[in-house]
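These notes concern the structure reproduced below.
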Amino acid sequence: EKSEGGNPLVHFDGTIKGRADDKDATFLKNIKEVKDATGKKVLEAEKLTVAQAKAIINQASSDGTGKPLFCIHGFSVQPRGHLKAIKEATVNRFNQGKFMPIPVMWPSGGGVKYLGDRKTTPGAGNGLKSLKKALDSFPSKSLLAHSMGNRVLRYAADAKFKFDNIFMVAADVRHDIFHKDYINSGDANDENRTELQGKKICSMLSSGSNGKPKGKVYVLYNGADYALTGSRFIKLKLTSRLGAIGAHYKRNWWGIWTEDKNVTHPGIRDCIENVWCNSKLKWSEKTAHSYQYLPQIVTIYQEKHF
C-alpha cells in the first residue's frame, strides 16, 4: 500500500506490544489516525527515504541547513501523546530557524508498565542504531532523551554515533553511570558490558577541529522529581537515579549528596555538565518529572544547541 506521493504506508498503534529485539527504525511523515479493516483506530504514516526526511528538515531551517534535535520519550508514553507534545512544543516554544525537534518513538507498553518498558529498551536502542547512516546525513544535530528514554540511549550508545550535544532530562538511569568506580567494574575483557555505557554516551559527542568535543552531555535533574524519588524505586531496590541526583555526586559521611567531580571517570569528566532544573520550575512544578518541554527548559536547549 502506498500514499498518493508514492511512499509506502505503514500502520502502527500504541496497543501493539513492543519487542526487546527490534532491529530497525525509519522516518515517517503525515501521521494521522485511520480505521483498520476491523474498525479499530490506528495510526497511518508515510515511510520516508533519508533524502526525503533531510529535505523536510532542511526546509524548516532559516538557512536551509537543518539542525534536528531528536527527542526520545520516556516510559508509558504512547505515540499520540509524544507526537502531540512535540507538536505543541514546536509551535509555541521551539525556534525552528535554529533547530527542529524530531520525535523518536520506541515500543512502550502503555499504562504504568514500568518493568515491561525496561525490557524493551535494549531493542529500542538497537533499532535507533539502525538509523546511523540516516543521522550521519545531518552535519549538525543534537539528542534529547527523557526519563526511561535514557535507557534507550544507553543501549544505543556507540562512538560511531555523533551529536553536537546530548540532553539527558530526568534520566531514569543509575546516578553513578559516569563514575570511575562503576565504569571500571565488571569484566575488563568485555567491551560490551553495561558498565561502559556512560563512557560510550560521552564518546557520541562530535569533535571540533582541536579534536575535543564541541558540545557536552547535559544532565538536567530535579532533586524533588516525584517519579524518580518515589517508593517504587525503593521497592525495586534500584540505585538512585541520575535525574534526581545529577552527575558528579556522592554521599558524604552524613548521607548527604555532595558534588565531587573526582568521582567521575577522568576521561569524560569535562564532557558532562549538570543543569539544576528545580530553581527554574514554578512552585506548582517543583516535583515535576515531565518538565522537558516547559518554556524555561526549552530555553536551555536553545542556548546550548549550535
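Residue numbers for the sequence shown follow the numbering used here, beginning at 2 and rising by one.
Every residue, glycine too, gets a C-beta built ideally from N, C-alpha and C.
Annotated three-state conformation of ILE301 is helix, per DSSP. Your pair MET205 and PHE164 checks out as a contact, with CB atoms roughly 6 Å apart and the cut at 8 Å. Here MET149 is actually not in contact with LEU221; their C-beta atoms are around 15 Å apart, not less than 8 Å. The Cβ-Cβ distance between GLY244 and ASN223 falls below 8 Å. Non-local C-beta neighbours of ALA172 in its own chain, meaning closer than 6 Å and more than five positions away in sequence, comprise ASN151, LEU243 and GLY244, ordered along the chain.
Boundaries of the beta strand (DSSP E) harbouring LYS36: 28 to 36, taken from the DSSP string. Excluding its 5 nearest sequence neighbours in each direction, ILE246 has C-beta neighbours in its own chain below 8 Å: HIS176, TYR222, GLY224 and TRP258, listed in chain order.
Note on GLU260: under 16 other CB atoms within 10 angstroms of its CB, so exposed under the neighbour-count rule. The shortest C-alpha to C-alpha distance from CYS272 to any of VAL218, VAL11 and HIS266 is the one to VAL218. In this structure, LYS200 sits near ILE269, with a CB-CB distance shorter than 8 Å.
Nearest C-alpha to PHE28 among ASN8, ASP159 and ASP14: ASN8.
Annotated three-state conformation of LYS133 is helix, per DSSP. ASN166 is positioned such that its CB atom lies closer than 8 Å to that of SER143. Listed as beta-bridge partners of MET169 by DSSP are ALA146 and VAL220. Counting other Cβ atoms within 10 Å of its Cβ, THR39 stays below 16 and is therefore classed as exposed. Counting the other Cβ atoms within 10 Å of the Cβ of VAL299 gives 16 or more, which makes it buried. Around GLN293, the same chain offers HIS147 and VAL170 as residues with beta carbons nearer than 6 Å, after the five sequence neighbours per side are excluded.
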